[in-house]
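Take a look at the structure set out below.
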DNA sequence: CTTAATTTGTCCGTATGTATG
DNA sequence: ACATACATACGGACAAATTAA
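Written out as structure tokens, the structure is:
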């Protein structure tokens, strides 16, 4: 009989142990993980099993492996999973609708939160955003929203939004069209004035313009 | 020279080829895929490489493997990817405050959404919830919130909330104390009346009572 | 009930391409 | 140029679980 795991699949255990290892060793994004052979010895598993776990995380875009160099903790924004998941899942309209709605939940909250606090709504960011949408230069919708989420300061919410955006990758592609610009400008002004309700209202109308 | 692409990683090619194989063979959810050895021969790769691709898809929840039986195409509608991704998101210097705030984002949206749609706010659920908080019996805060999230109908949002709630531990543990009950009742009544703003306001006050 | 065949689970050995010093 | 370290990929071997004869 073995010493520990009567429970699960080995490679899932490895995935879990890799997570705790990354946390304990305090490995940051871009830094290197131990080699496969070292991991095999430390975690008490064969190289094949280690590789299966590593490949799974690679497909998710959580790590990046470079031949001859090693395995590196990747930036979660690397949406390699999108192509794969899109092929398998994207036919499901219900799921996509949930993703879209959930993105809007976080976006709307960020808009409201930005207007609520003086330390956020007095940032110079809003002046530059207003200037951008008031100009004739093309402005990407995604950039505007991301800036607002960053300014709002909830990093967890920002990360969730990143993942959902990579997953859906249609809602806010492209530039803000001329008809949208007055609404966006209204939203920014409401934030600067600290009118949270008006900002949320303008955001809702904008979101309604982008996707029916 | 090879027939296709010597450039990309083999196991990613296998993932791609598995997708076309599933489509061509018209394999439905729950049905069985060819065995690993058969796949290795048909796709011209070693069994280890086939397994790496299969495990990746398994971690994504796209397939399910049962020892001694085989590999089966699973129901991909479950957002299992959120579990894995969330586990890795959380590894960072996570401020518990962000977790708490992000939970409230989803909760508040569910409350507003419930009040917005007639098909939701007319559910018998609200009557039973109102009766529960009006009685003297203990009512768990967590149960109330979960019911509202379920009623709101965004399954992805619910899933994210589950994860955050499990991670934050103790945000809404325990029963709704007597001082909270009038506010909760006010929130429920606002939902039933379709007053989205009042419902959101009552929720905010309730959340402020629970954690300072 | 026993036996055999099939399939996944796991590990090992080997060869090769690639990057670093 | 050479040696080292690492990922890449293949194939073999055996264990464990399931199914069917």
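Protein chains in written order, with the numbering used here: chain A, 1 to 212; chain B, 213 to 424. All residues carry an ideal CB built from backbone N, CA and C; glycine is no exception. Here the structure is a predicted model, which is why all the values come from computation and not from measurement.
Beta carbon proximity, residue i to chain B, threshold 9 Å
{"i": "residue 121 of chain A", "result": "no"}
{"i": "residue 197 of chain A", "result": "yes"}
{"i": "residue 157 of chain A", "result": "yes"}
{"i": "residue 108 of chain A", "result": "yes"}
{"i": "residue 150 of chain A", "result": "no"}
{"i": "residue 111 of chain A", "result": "no"}
{"i": "residue 71 of chain A", "result": "no"}
{"i": "residue 160 of chain A", "result": "yes"}
{"i": "residue 105 of chain A", "result": "yes"}
{"i": "residue 39 of chain A", "result": "no"}
{"i": "residue 136 of chain A", "result": "no"}
{"i": "residue 99 of chain A", "result": "yes"}
{"i": "residue 33 of chain A", "result": "no"}
{"i": "residue 128 of chain A", "result": "no"}
CB contact flag (residue i, residue j, <9 Å)
{"i": "residue 284 of chain B", "j": "residue 55 of chain A", "result": "no"}
{"i": "residue 32 of chain A", "j": "residue 69 of chain A", "result": "yes"}
{"i": "residue 387 of chain B", "j": "residue 417 of chain B", "result": "no"}
{"i": "residue 360 of chain B", "j": "residue 311 of chain B", "result": "no"}
{"i": "residue 126 of chain A", "j": "residue 188 of chain A", "result": "yes"}
{"i": "residue 395 of chain B", "j": "residue 414 of chain B", "result": "yes"}
{"i": "residue 212 of chain B", "j": "residue 345 of chain B", "result": "With chain B covering only 213 through 424, there is no way to say anything about residue 212 of chain B."}
{"i": "residue 156 of chain A", "j": "residue 232 of chain B", "result": "no"}
{"i": "residue 264 of chain B", "j": "residue 52 of chain A", "result": "yes"}
Through-space distance from residue j to residue i, alpha-carbon basis
{"i": "residue 115 of chain A", "j": "residue 398 of chain B", "result": "26 Å"}
{"i": "residue 15 of chain A", "j": "residue 165 of chain A", "result": "25 Å"}
{"i": "residue 160 of chain A", "j": "residue 107 of chain A", "result": "11 Å"}
{"i": "residue 180 of chain A", "j": "residue 195 of chain A", "result": "20 Å"}
{"i": "residue 209 of chain A", "j": "residue 42 of chain A", "result": "54 Å"}
{"i": "residue 138 of chain A", "j": "residue 316 of chain B", "result": "35 Å"}
{"i": "residue 35 of chain A", "j": "residue 66 of chain A", "result": "11 Å"}
{"i": "residue 38 of chain A", "j": "residue 412 of chain B", "result": "53 Å"}
{"i": "residue 385 of chain B", "j": "residue 354 of chain B", "result": "6 Å"}
{"i": "residue 347 of chain B", "j": "residue 158 of chain A", "result": "40 Å"}
{"i": "residue 374 of chain B", "j": "residue 236 of chain B", "result": "37 Å"}
{"i": "residue 61 of chain A", "j": "residue 221 of chain B", "result": "14 Å"}
{"i": "residue 18 of chain A", "j": "residue 109 of chain A", "result": "34 Å"}
{"i": "residue 28 of chain A", "j": "residue 122 of chain A", "result": "32 Å"}
{"i": "residue 153 of chain A", "j": "residue 117 of chain A", "result": "11 Å"}
{"i": "residue 238 of chain B", "j": "residue 129 of chain A", "result": "50 Å"}
{"i": "residue 124 of chain A", "j": "residue 193 of chain A", "result": "13 Å"}
{"i": "residue 30 of chain A", "j": "residue 242 of chain B", "result": "38 Å"}
{"i": "residue 256 of chain B", "j": "residue 44 of chain A", "result": "31 Å"}
Residues of its chain near residue i, where Cβ-Cβ distance is below 6 Å and the 5 sequence neighbours each way are ignored
{"i": "residue 120 of chain A", "result": "114 and 151"}
{"i": "residue 131 of chain A", "result": "none"}
is_contact[residue i, chain A] using C-beta, thresh 9 Å
{"i": "residue 233 of chain B", "result": "no"}
{"i": "residue 265 of chain B", "result": "yes"}
{"i": "residue 270 of chain B", "result": "yes"}
{"i": "residue 236 of chain B", "result": "no"}
{"i": "residue 377 of chain B", "result": "no"}
{"i": "residue 224 of chain B", "result": "yes"}
{"i": "residue 227 of chain B", "result": "yes"}
{"i": "residue 366 of chain B", "result": "yes"}
{"i": "residue 260 of chain B", "result": "yes"}
Cβ neighbours of residue i in the same chain (closer than 8 Å, five flanking residues each side left out)
{"i": "residue 252 of chain B", "result": "258, 259, 261 and 262"}
{"i": "residue 234 of chain B", "result": "245 and 285"}
{"i": "residue 308 of chain B", "result": "380"}
Contact test: residue i Cβ vs the ligand ATP heavy atom, cutoff 8 Å
{"i": "residue 371 of chain B", "result": "This structure simply doesn't include the ligand ATP, nor any ligand for that matter."}
Beta-carbon proximity list for residue i, same chain, < 7 Å, skipping 5 on both sides
{"i": "residue 190 of chain A", "result": "115, 198, 199 and 202"}
{"i": "residue 419 of chain B", "result": "316"}
{"i": "residue 390 of chain B", "result": "none"}
Inside the stretch 378-423 of chain B only - alpha helix (DSSP H) runs reaching at least 4 residues: 393-404 and 408-422
What runs of the alpha helix (DSSP H), each 4 residues or longer, lie entirely inside the stretch 97-173 of chain A? 118-121, 125-134, 141-152 and 155-168
Every unbroken beta strand (DSSP E) inside the stretch 3-70 of chain A [3 residues or more]: 63-66
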